[in-house]
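A.B. asks: Going by this note's numbering, the first residue of the first sequence is number 178, and it counts up by one from there. Mind having a look at this structure? Questions to follow.
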Amino acid sequence: MKLSQYYIPTLREAPRDAENVSAQLMMRSGMVRKVASGLYSFLPLGMRVLKNVEEIIREEMNGIGALEVWLPHIQPKELWEETGRWGVYGKELLRIKDRKNSEFCFAPTAEEVITDLVRKDVKSYRQLPITLYQFGAKFRDEIRPRFGVMRAREFYMKDAYSFHADETDASNYYEKAFEAYGKIFKKCGLKFWPVQAESGAIGGSFSHEFMVLAETGEDEIVSCSNGCGYAANRERAAVEYGREVKSEDLCLRCKEKGKESPLRFSRGIEVGHTFKLGAKYSQAMQATYLDDAGKSHPFVMGCYGIGVSRVVAAAIEQSYDANGIIWPREIAPFQVILVPINFEEPKTKEWSLEIERELTQRGVSVLLDDRSERAGVKFKDADLIGAPIRVTIGEKGIQNGTVEVKERAGETVIHVRKEEILTHLIERI
RNA sequence: CGGGAUGUGGUGUAACGGUAGCACGCGUGCUUUGGGAGCAUGUAGUCCGAGUUCGAAUCUCGGCAUCCCGACCA
C-alpha cells in the first residue's frame with residue numbers, strides 16, 4: 178500500500194474536545210473522525226485495526242461452534258414488549274417511528290430478536306445446543322458520551338447468544354466461551370482481567386466482565402492483594418459484602434481459609450461481558466423446545482458480548498508513548514512501514530518498491546511512505562500510526578548495502594543487508 | 001436529569017462595542033530533503049435567530065452544539 182494513494186489524514190494537534198489519550202491518538206493518526214457527540218466515522222486506517230480485531234474474534238467464536246448471523250439494527254417494539262424491556266430500558270433506548278407510525282428501536286442488544294428467531298425454528302432437544310453471533314453496530318443513547326469511541330452512542334460490537342436444553346449444558350458452554358474470551362484478548366495483545374460482575378439491564382443470574390487494565394479506565398475493580406484469584410467489579414463486591422467496600426476490607430475468600438488479605442483497587446476498561454441468562458428471556462417470550470419425552474421446556478440461555486471498537490481504543494490506552502500509538506503486532510493496521518528518505522532517488526525507489534513487493538507476497542501488510550515529504554515528517558507520521566516495525570531506506574545505507582530496521586516499541590536501530598531483510602523481518606513478525 | 005463552562009477558517013488561538021488577525025494545515029511555484037524546512041503567492045472563519053446600538057465576535061434574550069462534575073450505563 179502506497180501512502181500517497183491511501184487516506185490517512187494525520188493531525189499535528191489533537192482537537193480540543195478529544196479528552197483521553199486513545200481519543201486523541203485515534204483522531205491524530207487519522208483512524209476516526211467525530212461526526213457528533215458519541216458518533217464517529219472510521220477511516221481506512223481505523224477500519225484495518227477494527228477488522229483485525231474482528232477476525233481474531235471470529236476465529237475463536239467459530240472455534241467454539243458458534244455460527245455467524247446478521248440481525249437487523251432496527252427492531253420492532255412488539256418484541257421488546259414481550260420481555261417488558263420496552264418499558265424498563267429508559268431513554269437509553271433510541272426509539273423511532275416508521276411512516277405508518279409503527280414503533281421501533283435501534284438495537285442496543287439483541288436478546289429479543291435472537292430469541293424470537295430461535296423459538297420459531299428450533300423445536301426439539303435434538304437441535305440443541307446452538308450458538309449464534311453477529312458483528313454489528315449497537316446504539317445506546319448515552320446521557321454523556323465521552324472518551325472518543327470508548328463510550329460512543331453508536332459502536333461496533335460482537336454479540337453471541339447460546340441456547341441449551343438445561344443448566345448443566347449452559348454452564349459447560351459458558352466455561353468454553355469464557356476460555357475463548359481469554360484467548361481473544363490475549364491474541365489482541367491486551368493485559369486483561371476477568372472479574373465477577375452484576376448483570377445490569379441484560380439480567381440473568383451470573384456474569385463476568387473482561388477488564389483491560391488501564392489507569393484511565395472508567396470501571397473500578399476490587400481484587401485480592403494476595404492473588405487468590407478473587408476479582409469483582411465494585412457493584413458486585415458491594416453485593417457480596419452487603420455494603421460499599423473500602424480499601425481496609427479483607428478478601429472474603431481468603432478469610433474463609435483463615436488468611437488476612439487486604440483488598441486492592443484497580444481501574445479497568447470493560448471490553449467484554451459474558452452472562453448466564455438462564456430462562457429469563459425464553460420464559461418471557463415462550464421460547465421452548467420439546468425433550469425426549471415430548472415435554473416442553475424453556476431454553477436455557479447465555480449471552481456474550483465484546484465491544485470491538487472499544488477493544489481498539491483500549492489497546493491504545495494500554496500502549497502508546499509521547500510520539501503516538503504502539504500497536505500490538507496482532508492488531509496493527511500495518512505490520513511494517515517503509516520510510517524511504519528520498520523516494521524519488523532512483524536507487525531508493527527501486528529498493529523500496531522491491532521490499533514492498535516481496536513483503537506483500539509473503540502476506541506481510543506494508544505501508545510504503547512514498548510521499549515527497551521531508552524525513553522528519555515521515556518519521557513523525559510513522560511513529561503516530563504506530564506500525565510495529567519501521568524500515569528506513571536512505572542513501573547512506575544503500576552505499577553500504579543496508580537498510581535500517583527499528584521496532585516502534587524500542588530505541589535500537591539495526592542495519593540489515595538488503596538481501597537479508599525478508600528473512601530478518603519475517604522472523605520478527 | 002441536576003450543577004458549571006464554552007462556542008472565531010480544517011486544527012490551535014487573538015481581537016476595548018469601531019479594519020476579523022496569527023500559527024499550523026490545505027493549493028500553486030521555486031529552493032530544500034536523516035526527526036513535523038525556507039521564500040513567494042493563494043485558500044478558508046465570528047454556531048443559528050431575534051434585540052440594543054450610528055456600529056456587535058464582543059452587550060441582552062431565545063435556540064442549538066460541545067465540554068466538565070455528579071447521577072446513569074452491556
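Even for Gly, the Cβ is constructed at its ideal location relative to N, Cα and C.
#1: For the structure I just gave you, are there three or more beta carbon pairs, one from the stretch 344-361 and one from the stretch 477-493, closer than 8 Å?
#2: In three-state terms, what does DSSP make of L602?
#3: So, helix, strand or coil for A456, using DSSP?
#4: Look at L429 and E437 and say whether their C-beta atoms are less than 7 Å apart.
#5: Go ahead and pull the three-state DSSP assignment for Q252.
#6: Under DSSP, the alpha helix (DSSP H) around F520 begins and ends at which residues?
#7: Pick helix, strand or coil for R303, following the three-state DSSP scheme.
#8: Roughly how many angstroms lie between the CA atoms of Q463 and I503, to the nearest whole one?
#9: Comparing alpha-carbon positions, which option in E604, R225, P505 lies nearest Y184?
#10: Here's the rule I'm using: 16 or more other beta-carbon atoms within 10 Å means buried, otherwise exposed. How should H450 be labelled?
#11: Which residue from F340, S459, G445, F452 puts its Cα closest to that of G482?
#12: Alpha carbon to alpha carbon, how far is G471 from F281?
#13: Looking only at its chain, what residues have a beta carbon closer than 6 Å to the beta carbon of G223, apart from the 5 residues adjacent to it on each side?
#14: Beta-carbon separation of T260 and A492 under 7 Å?
#15: Based on DSSP bridge pairs, tell me the residues matched to M178.
#16: Quick one: measure Cβ to Cβ for V416 and E375, integer angstroms, because I've assumed they're closer than 8 Å.
#17: Return yes when the Cβ of E269 is within less than 7 Å of the Cβ of R317, no when it is not.
#18: Helix, strand or coil for I483, going by three-state DSSP, please let me know.
#19: Going straight from the alpha carbon of L227 to that of S486, what length do you get?
C.D. replies: To lay it out plainly:
#1: yes
#2: helix
#3: coil
#4: no
#5: strand
#6: First-last for F520: undefined, no H or E at that position.
#7: helix
#8: 49 Å
#9: R225
#10: buried
#11: F452
#12: 36 Å
#13: M208, V209
#14: no
#15: Note: M178 sits in no beta bridge, so no partner.
#16: 7 Å
#17: yes
#18: strand
#19: 6 Å
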